[in-house]
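Residue numbers (our numbering): 1 to 273. One structure is given here, and the rest of the page talks about it.
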Amino acid sequence: MQITRETKYILGSVLSLGISFSALLAHVFSSPSLPWVYNHNATPFFANKLMLSVYIIIEYLSFLSMNIPLLLLGDQVNDFTFSIIHSSIWYNLLLVLTIILFVREKLYWTALLSLFLFSTAFTMYSQSLRLRNGVIEMFTMKFPSKLVFGKSLWFVVYAFSAAVHCRSIGCRVFSNVFIWFVAILYLAPILGFHDWALSLISAYLFGAIGVGQLFIHLFALQHIFAFIISGLMVLFAGLLFLLPYRQRRASLTGESAPLLQDNAGSAPVGGAV
Numbered sequence: 001m002q003i004t005r006e007t008k009y010i011l012g013s014v015l016s017l018g019i020s021f022s023a024l025l026a027h028v029f030s031s032p033s034l035p036w037v038y039n040h041n042a043t044p045f046f047a048n049k050l051m052l053s054v055y056i057i058i059e060y061l062s063f064l065s066m067n068i069p070l071l072l073l074g075d076q077v078n079d080f081t082f083s084i085i086h087s088s089i090w091y092n093l094l095l096v097l098t099i100i101l102f103v104r105e106k107l108y109w110t111a112l113l114s115l116f117l118f119s120t121a122f123t124m125y126s127q128s129l130r131l132r133n134g135v136i137e138m139f140t141m142k143f144p145s146k147l148v149f150g151k152s153l154w155f156v157v158y159a160f161s162a163a164v165h166c167r168s169i170g171c172r173v174f175s176n177v178f179i180w181f182v183a184i185l186y187l188a189p190i191l192g193f194h195d196w197a198l199s200l201i202s203a204y205l206f207g208a209i210g211v212g213q214l215f216i217h218l219f220a221l222q223h224i225f226a227f228i229i230s231g232l233m234v235l236f237a238g239l240l241f242l243l244p245y246r247q248r249r250a251s252l253t254g255e256s257a258p259l260l261q262d263n264a265g266s267a268p269v270g271g272a273v
């Protein structure tokens, strides 16, 4: 019996996802636990644990949904879909190693691995941009890729700030400025690809940073800046979501303008008799 390409990718995806989730769950209840190490290494980019947990649960569910096109579309599945799933398999395997190193507080190695995670997430995101805007592709490929990309960029910033033990006054001041640079890093693909969904995801992550900073009371002004950026991301999301409708309306108005001019030109000149 020959195993199809779709079956191989489904098995690889489910297996890597199961290993990743098992490692995460095991280290939540280990000693030292993942939440304890995370609290112990609070930085200016520390995000609220509850909001982050909700995000991660949705991310794992979205990983599962990535197998739906392989089951429903059959021969219509293109190479970009296979490439995204292949990258997600590597992402989950790298995530296992990252969790193990982070719990053992090997923070420099964790920061290094965060770059590999981001590289894999960037590959997923860039490949998802090449898919057509179908309903299945949007919810099973594009949305998961945006979730992974958004979180991986935040994790790079957090991991490096944890590695350098960013707690001094100088580092706090630098972080108040650097958070705006991080916002620009998110805005680059958001504005470049008119990605309103990624803008909402970014708004949630900055909101999680704001709530996290608000509760730990270690880094002044950081929560205020995080909430401001979160609000701006929501604004950008709304503008980008409405942009296609405004363009379509302007296009229709432009097409009807010549007809109005022709009608005006054919109207009789002079007063009514």
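Where a beta carbon is used, it is the ideal one built from N, C-alpha and C, also for glycine.
- The beta carbon of V211 sits closer than 7 Å to those of N48 and M51, all from its chain and outside the five residues before and after it, given in chain order.
- The beta-carbon separation of L70 and Y9, rounded to 6 Å, stays under the 8 Å limit for a contact.
- In this structure, the alpha-carbon of H223 lies about 37 Å from that of S13.
- For M51, the enclosing alpha helix (DSSP H) starts and ends at K49 to S65.
- Just so you know, the alpha carbons of P44 and I58 end up roughly 25 Å apart.
- For I10, the enclosing alpha helix (DSSP H) starts and ends at R5 to V28.
- Within the region 81-141, the complete alpha helix (DSSP H) segments of 4 residues or longer fall at 107-128, listed in chain order.
- Pairing F149 with F122 gives a Cβ-Cβ distance under 8 Å.
- When DSSP states are grouped into helix, strand and coil, R172 belongs to the helix group.
- Taking the C-beta atoms as reference points, S88 is found no nearer than 8 Å to T98.
- S128 is the residue among A163, S128 and V135 whose C-alpha sits nearest the C-alpha of L198.
- For F193, the three-state secondary structure derived from DSSP is coil.
- Sequence-distant partners of V103 (beyond 5 residues in either direction) whose C-beta falls short of 7 Å from its own C-beta, in its chain, are H27, S30, P32, L34 and V37.
- When secondary structure is reduced to three states using DSSP, L221 falls in the coil class, being assigned neither helix nor strand.
- Inter-residue distance for K106 and S175 is about 22 Å (C-alpha atoms, whole angstroms).
- Less than 8 Å divides the Cβ of A226 from the Cβ of I179.
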